[in-house]
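See structure below.
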Amino acid sequence: MDAATAAAQVRINELMTEIDRHDYLYYVLDAPVIGDTEYDKLFRELKDLEKKHPELASPHSPTQKVGGHVVSALNPITHAIRMLSLDNAFNDDEFSRFNAVIVDECAVDDVEYTAEPKYDGLASSIIYVDGILTLGGTRGDGQTGDDITHNVRTIKNLPLRLTGDYPKLLEVRGEIFMPREVFNKINEDQAAVGGKLYANPRNAASGAARQLDSKVAAKRSLAFCAYSLARAEGKQFKTQMEAMLALQSWGIPITKGLKIVKGLQGAKQYWSEVLASRDSLPYEIDGVVFKVNKISQQEEMGFNSTTPRFAIAWKFPAQEESTSLIDVDSQVGRTGAITPVGRLKPVKVGGVTVSNATLHNWLIVESLNLHVGDTVLVRRAGDVIPQIMTADEKARDPAAAKIVRPACCPSCGSPVVMEESTLRCSADFECPAQRQEKIINSVSRKLMNIDGLGESSVAALCDLGILKDLSDVYRLTVDDILKVPGTGAVSSQKLINAIEASKATTLPRLIWSLGIREVGESTSKLLAAKFSTLDALMNATREELLEIEGVGDKTADFVIKALQPGAAIREMALAMIELGVTPEVIQAKGDALAGRTYVITGTLPTMNRDAAVAALEALGAKVSGSVSKKTTAVIAGSDAGGKLAKAGLLGVPVMDEEALKALVGM
1 MDAATAAAQV
11 RINELMTEID
21 RHDYLYYVLD
31 APVIGDTEYD
41 KLFRELKDLE
51 KKHPELASPH
61 SPTQKVGGHV
71 VSALNPITHA
81 IRMLSLDNAF
91 NDDEFSRFNA
101 VIVDECAVDD
111 VEYTAEPKYD
121 GLASSIIYVD
131 GILTLGGTRG
141 DGQTGDDITH
151 NVRTIKNLPL
161 RLTGDYPKLL
171 EVRGEIFMPR
181 EVFNKINEDQ
191 AAVGGKLYAN
201 PRNAASGAAR
211 QLDSKVAAKR
221 SLAFCAYSLA
231 RAEGKQFKTQ
241 MEAMLALQSW
251 GIPITKGLKI
261 VKGLQGAKQY
271 WSEVLASRDS
281 LPYEIDGVVF
291 KVNKISQQEE
301 MGFNSTTPRF
311 AIAWKFPAQE
321 ESTSLIDVDS
331 QVGRTGAITP
341 VGRLKPVKVG
351 GVTVSNATLH
361 NWLIVESLNL
371 HVGDTVLVRR
381 AGDVIPQIMT
391 ADEKARDPAA
401 AKIVRPACCP
411 SCGSPVVMEE
421 STLRCSADFE
431 CPAQRQEKII
441 NSVSRKLMNI
451 DGLGESSVAA
461 LCDLGILKDL
471 SDVYRLTVDD
481 ILKVPGTGAV
491 SSQKLINAIE
501 ASKATTLPRL
511 IWSLGIREVG
521 ESTSKLLAAK
531 FSTLDALMNA
541 TREELLEIEG
551 VGDKTADFVI
561 KALQPGAAIR
571 EMALAMIELG
581 VTPEVIQAKG
591 DALAGRTYVI
601 TGTLPTMNRD
611 AAVAALEALG
621 AKVSGSVSKK
631 TTAVIAGSDA
641 GGKLAKAGLL
651 GVPVMDEEAL
661 KALVGM
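Just so you know, we're using UniProt numbering here: the sequence shown kicks off at 1 and counts up by one.
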């Protein structure tokens with residue numbers, strides 16, 4: 001080996017060690033010390049060196065997680081230690097009975113349990129020999145599973161090499177899962193082309209993990225978390241928690257939120273906290289797993305034929321149920337998109353009664369081959385609107401009528417056009433449904449914020465011919481409002497006062513309220529920051545718009561079209577200014593909080609949410625609607641709920657209103 005090659009070998013080893021360390025800090029400890037740019041630089045350097053010196057490339061290099069290994073079939077593997085399932089508890093009483101048995105047989109008053117969210121994915125076994133990932137397999141029937149090593153090696157948060165004082169042989173059991181964001185993106189992509197949707201992240205993860213081509217699995221961005229240690233040659237542990245922390249020290253990611261709870265009340269409280277955070281987590285969970293913490297007590301309890309007696313999964317309400325499809329309605333939105341909505345026989349899903357479910361677009365309706373009366377699988381998860389995922393064609397009545405897309409707009413009768421995957425009404429302000437939905441959206445709290453002008457009032461005023469666009473709201477009189485059934489003089493005057501108060505607004509809100517296609521909250525802020533006044537925006541060129549990071553060709557074209565001379569939206573905006581709407585640009589105070597992300601949850605004692613958001617954004621901070629490990633802090637008021645619970649699970653700092661005021665200098 002010449003000097004240059006030897007130097008390359010040294011540098012490759014250094015980079016592999018450094019990248020493995022950063023992967024451990026990021027994926028296992030949630031404590032990254034470098035940003036994405038620095039990480040990418042290290043990764044690219046390693047990749048370039050391996051390309052230049054292919055003879056030095058290691059099969060255990062972080063670069064090998066991109067996949068590329070293809071197998072002709074999944075070979076069977078036999079588990080040295082059988083992979084068992086867990087007994088389930090579906091309510092408080094069933095868990096209490098489980099706890100009573102533990103108390104009786106272990107002769108203790110308050111049992112010490114490990115408690116952890118139950119990830120909803122594919123149960124798997126991972127084996128390391130001499131610290132190297134050697135085998136990955138599915139649970140199968142518990143005794144025999146499938147060899148999926150080629151796909152397991154693509155999982156980014158699972159190390160190819162262990163660190164620290166690891167055992168010669170290690171077998172870890174855990175869950176391969178698909179993060180919610182990845183699942184939603186895959187289904188969005190499928191919906192856009194009329195493809196079949198995955199019913200849930202569990203099915204999507206299982207399908208990806210069983211791919212014959214590891215490149216396909218790599219693109220699905222699977223993740224892994226360990227929930228038990230099956231074998232660790234030469235190592236002994238006194239507690240379940242001690243074993244899990246050992247796994248973490250060797251580089252294996254363990255369940256987020258794992259903790260020790262004591263007794264029945266401690267277990268119930270933890271279950272309630274995790275349930276409250278369920279919808280805001282970045283991954284699917286379907287319950288909480290409780291295990292007796294002391295290994296000696298686990299051994300004393302032993303096993304049934306298929307389950308351990310010392311552990312149980314206390315399940316959450318199901319998020320998928322089957323019901324009957326009554327029909328599919330067409331809803332016309334403010335941009336003319338005609339969205340199919342399934343009308344269902346009411347069914348409880350995740351503890352909520354569901355009678356309507358989205359179908360995304362008409363291509364999905366056609367790919368599902370839906371008929372009136374079909375038995376359909378309905379899914380409700382997190383903040384996602386309930387969705388129809390599949391139809392049972394075998395149970396279909398042969399005489400059932402097929403659901404077909406409308407040939408014209410159900411509101412105005414205008415011709416419809418298919419734009420990519422969206423069926424759209426070809427009319428604009430002439431379409432009553434679009435007109436009404438545009439106004440409802442524009443007067444809402446986050447836009448023009450007109451308190452008291454709700455959907456029913458807007459609908460009534462549109463039906464009376466009084467409202468045709470947003471500018472007409474600023475022409476309303478008490479007499480106009482009194483024409484709405486059930487409205488009195490006092491409430492009418494109160495609404496007039498609210499309309500008057502809304503005239504003092506910000507430029508981002510005004511731009512957003514105009515209803516320009518592809519221009520939402522964030523784009524409105526970008527446009528306001530760039531042009532400062534509505535007049536300047538109206539005179540902007542396409543080239544100037546494209547200079548803004550975050551504004552693409554499509555958005556620029558929609559802005560130009562909407563604000564060109566004579567365009568309906570431009571005329572509406574000018575009329576609003578004439579009627580007294582006065583936008584003010586929020587002047588940035590600096591970038592002291594640039595790069596930081598905050599989440600506001602609950603009700604603050606003295607500040608309203610809009611004021612808090614404005615104060616943070618004025619200093620360059622980003623305010624997000626969801627908590628992640630990248631969140632700088634959660635600002636919590638009363639009745640904070642799931643986001644506060646998730647902050648606790650992820651270890652994100654929590655601030656109160658006083659800390660917020662100190663941060664922004666108020």
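From the three backbone atoms N, C-alpha and C, an ideal C-beta is built for every residue, glycine too. Values in this document were obtained by computation on a predicted structure and should not be read as measured data.
Measure the CB-CB distance between F237 and A204 and report whether it falls below 8 Å.
-> no
K446, DSSP secondary structure in three states | coil
Should S457 be labelled buried (16 or more other beta-carbon atoms within 10 Å of its own) or exposed?
-> buried
Give every residue of the same chain whose Cβ lies closer than 6 Å to the Cβ of A209, excluding the five residues on either side of it in the sequence, and list them in chain order.
-> L122, I148, N151 and I176
Ordered list of alpha helix (DSSP H) runs contained in the stretch 184–232, each at least 4 residues | 201–209 and 214–219
Straight-line CA distance for G488 to S330?
-> 34 Å
Contained alpha helix (DSSP H) runs [length at least 4] in the stretch 582–645, N- to C-terminal order | 609–618
Give the range of the beta strand (DSSP E) segment to which N88 is assigned.
-> D87 to A89
Could you give the DSSP three-state label for Y24: helix, strand or coil?
-> helix
One or two residues paired with W314 in a DSSP bridge | A89 and V288
Classify E549 as helix, strand or coil using the three-state DSSP reduction.
-> coil
Contact under 8 Å by Cβ, R173 with S249 | no
Does the stretch 78–85 touch the stretch 129–142, meaning 3 or more C-beta pairs lie closer than 8 Å?
-> yes
S322 to S221, Cα distance in whole Å?
-> 29 Å
Name the one or two DSSP bridge partners that Y113 has.
-> V261 and V292
So what does G136 bridge to, in DSSP terms?
-> I126
Bounding residues of the beta strand (DSSP E) (the contiguous stretch that carries I385) | Per DSSP, I385 belongs to no beta strand (DSSP E) and is neither H nor E.
DSSP-derived helix/strand/coil call for R517 = coil
Nearest-angstrom Cα distance between S502 and I577?
-> 12 Å
Helix, strand or coil at A504 according to DSSP, with G and I counted as helix = strand
DSSP state of R509, grouped into three classes?
-> helix
Residue(s) in a DSSP beta bridge with C425 | V416
Distance, Cα to Cα, A568 vs F429?
-> 8 Å
Go ahead and pull the three-state DSSP assignment for Y119.
-> strand
Figure out for me which residue from D639, V33 and V443 has the closest Cα to the Cα of W512.
-> V443
Entirely within the stretch 528–573 and at least 4 residues each: give me those alpha helix (DSSP H) ranges in chain order.
-> 534–538, 542–546 and 553–563
Is residue 677 helix, strand or coil by DSSP?
-> Since the first and last residues shown for the chain are 1 and 666, residue 677 lies out of range.
S456, enclosing alpha helix (DSSP H) - first and last residue = E455 to D463
Chain C contact for L650 (CB, 8 Å cutoff) = Absent here is chain C; the protein component of the structure consists of one chain.
What is the C-beta distance between V627 and L510, in whole angstroms, given that I count them as a contact (C-beta under 8 Å)?
-> 30 Å between Cβ atoms; not a contact.
Assign N441 to one of three DSSP states: helix, strand, or coil.
-> helix
Residues bridged to T78 (per DSSP) | T144
Beta-carbon proximity check, A400 vs V372, cutoff 8 Å | yes
Give the single residue among I155, L574 and K294 whose Cα lies nearest to the Cα of V108.
-> K294
Limits of the unbroken alpha helix (DSSP H) element including A662 | E657 to V664
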